[in-house]
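Residue numbers for the sequence shown follow UniProt numbering, beginning at 1 and rising by one.
Some notes on the structure that comes next.
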Amino acid sequence: LSLPKGLHNIPMASQSRRPAFQLKRINNRRKSEFASRKAMDKMLQGTPIQQLSESRTRKDHSLMKRSIKLTQNGLQKRMNLKHSLANTSRVKRIEQLTQKVNKILNYKMPRGVFSGENNGFANENKNNSHMLSEFYLKTPKQSQ
């Protein structure tokens with residue numbers, strides 16, 4: 001059976017032979033790759049190589065992008081991007097927790113009853129000394 005011109009290289013059968021879950025996985029991978037590539041482009045915008053590549057043909061553009069990825073700068077940026085994409089939520093959570101812990105550790109007692117410097121017994125002239133002495137004098141009488 002001879003196929004009409006141009007139909008001999010369309011992979012119809014092979015694609016339909018693939019189970020649906022495999023296709024789904026492949027498509028998802030392609031999507032994620034595309035997304036990360038887009039993010040990558042955004043990060044590299046403004047670098048001289050990127051500007052240079054924008055003025056060339058599409059094929060050259062992809063080659064240039066590949067070379068960007070291999071440059072030290074590009075590699076570093078790519079690593080950082082991967083890291084930030086992977087860990088944003090976790091990092092945020094850790095920061096929240098550290099803030100909470102620091103709040104607790106750096107908590108200062110309100111000046112007054114327990115602060116020692118004006119607890120009423122050391123120095124009678126402090127603000128709340130009379131309140132304290134009254135409190136300690138009154139409570140036993142009231143309880144009797």
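Glycine included, every Cβ here is placed at the ideal spot set by N, Cα and C.
All of these numbers come straight from a predicted model, not from anything done at the bench.
Straight-line spacing of the CA atoms in residue 19 and residue 33 works out to 22 Å.
In this structure, the alpha-carbon of residue 92 lies about 14 Å from that of residue 101.
Assignment of residue 106 by DSSP, reduced to helix, strand and coil, places it in the coil class. Exclusion of the five residues before and after residue 30 leaves no residue of its chain whose Cβ lies closer than 7 Å to its Cβ.
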